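Taking the working numbering, the leading residue of the sequence shown gets 16, the next gets one more, and so forth.
For every residue, glycine included, the Cβ atom is placed at its ideal position computed from N, Cα and C.
Note that the structure is predicted; figures quoted are calculated from it, not measured.
These notes concern the structure reproduced below.
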Amino acid sequence: MKYVTIKKGESLLPGILTEDEKHIITFTSIFKNKYPTLIDFIEKRTEEDVKTLMHASTHEEGININEVKLLSPIPSAKHDIICVGVNYLDHLEEAKEHSLDGKTIPTEDTVYFGKRASIITGPNEEIDGHLNLDTWLDYEVELAVIIGKKIDSSVKYEDLGNYVFGYSAFNDISARTLQQKKNQWYMGKSLDSFSVMGPVIVSSDEIKFNEALSLESRVNGEVRQHSNTRLMRMKVSDIIFELSRGITLDPGDIIATGTPAGVGQGFNPPKFLKNGDIVEVEVEKIGVIRNTIK
């Protein structure tokens, strides 16, 4: 299934796409007030609830998708987003080459950092580029993994796929000067509207665990990144396993798994985003997020 959150009037309503992807079945139409947000559903859902939604997706009409505003499936995260840095070898090489001092990019081990997610930007929403703070504004297409059940060190590696709720497309907007001049990347990655996710979360029964998915970014129609998740240095299973050996992952947590080469900073001269640019990121089987920089 494909999970969404929409804005209808002043209400934010979680739901699913119908099979034809032209209509939306809201949770309130099925469960009344049982699941006010998608995170509530992820945390408390039962197998019977999922079966009810599957039936509704093929037998009920729902709301026309053109009559509502599609938001990020999770408009506000429970915790900061966990991000994996330089998880594609080609991006590692371009990051080392174009860093401000040539020394700030770790190369030997996995890089993890947090990205503030009190607000997650959705498809067709504007991104505030904060160009008054940093003109080196960049994009990063990534596969996002949404945790479905609590994972701690007691969960075995071979069972991890059963704990994933689904997958989404993610754009890790980055202010490169801020990112590199600080000792940590948090501020340059966490300005308001810099977390972009959607247009849907595809359930884990439709995308296999560790499945190879193509991903692409475009700016004003020009392809900038084109790669495949099979080229990740750390697979989804390895990322989750390493994190969960010492960090408990909760239902609704989001992991952004890294970006391939082709970011704006990697070009000579650089191709940073500017006011009015339209940036798109797309992940196979999930869809496209399209946003305008302001």
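When Ile255, Gly213 and Glu237 are compared, the shortest CA-CA separation from valine 19 is found for Gly213. Ranked by how close their Cα comes to the Cα of methionine 247, the residues Pro266, Gly273 and Met202 have Gly273 in first place. In the structure shown, asparagine 235 adopts coil according to DSSP, grouped into three states. Cβ contact annotation for phenylalanine 256 (same chain, cutoff 8 Å, sequence separation greater than five): Tyr172 and Leu175, in chain order. Out of His38, Ser232, Lys93 and Asn283, the CA that lies nearest to the CA of aspartate 265 is found in Lys93.
For phenylalanine 209, the three-state secondary structure derived from DSSP is coil. As computed with DSSP, methionine 247 is found in a beta bridge with Tyr103.
Three or more pairs of CB atoms, one per stretch, sit closer than 8 Å, so the segment 130-139 contacts the segment 66-86.
Two segments are said to touch when three or more pairs of C-beta atoms, one from each, lie closer than 8 Å; by this definition the segment 285-301 does not touch the segment 126-133.
Under the three-state reduction of DSSP, leucine 148 is assigned to coil, being neither helix nor strand.
At the C-beta level, lysine 204 and aspartate 187 come within 8 Å of one another. Note on asparagine 102: 16 or more other CB atoms within 10 angstroms of its CB, so buried under the neighbour-count rule. In terms of Cβ geometry, proline 275 and glutamine 240 form a close pair [threshold 8 Å]. The continuous stretches of beta strand (DSSP E) do not include aspartate 95, and DSSP gives it neither H nor E.
Secondary structure at threonine 192: helix, using DSSP grouped into helix, strand and coil. Each residue's CA atom was taken as its position, placing serine 133 and phenylalanine 282 some 31 Å apart. As a beta-bridge residue in DSSP terms, histidine 38 pairs with Asn79.
Per DSSP, alanine 132 lies in no alpha helix (DSSP H) segment and is marked neither H nor E. By the neighbour-count definition (other C-beta atoms within 10 Å, threshold 16), leucine 148 is an exposed residue.
DSSP places alanine 271 in the uninterrupted beta strand (DSSP E) bounded by 269-271. For the pair of segments examined, the segment 193-202 was found not to touch the segment 65-74: the number of CB pairs separated by less than 8 Å stays below three. Listed as beta-bridge partners of serine 44 by DSSP are no residues whatsoever. CA-CA distance, glycine 144 to glycine 279, rounds to 14 Å.
In the three-state DSSP reduction, lysine 59 falls in the helix class (H, G or I). When rounded, the separation of the alpha-carbon atoms in proline 51 and phenylalanine 185 is 23 Å. Across the set Leu288, Leu32, Thr150 and Glu157, the C-alpha of Leu32 shows the shortest separation from the C-alpha of glutamate 76. In this chain, the beta strand (DSSP E) harbouring serine 183 covers 179-187. A residue is called buried when at least 16 other Cβ atoms come within 10 angstroms of its Cβ; glutamate 63 does not meet this threshold and is exposed.
Residue range 156-162 is occupied by the beta strand (DSSP E) that includes alanine 159. Spatial neighbours of alanine 190 in its own chain (CB-CB distance under 7 Å, excluding positions within 5 residues in sequence) are listed in chain order as His145, Leu148, Asp149, Trp151, Leu152, Gly203 and Leu206.
The three-state secondary structure of serine 259, taken from DSSP, is helix.
Tyrosine 127 sits in a strand when the DSSP states are folded into three classes.
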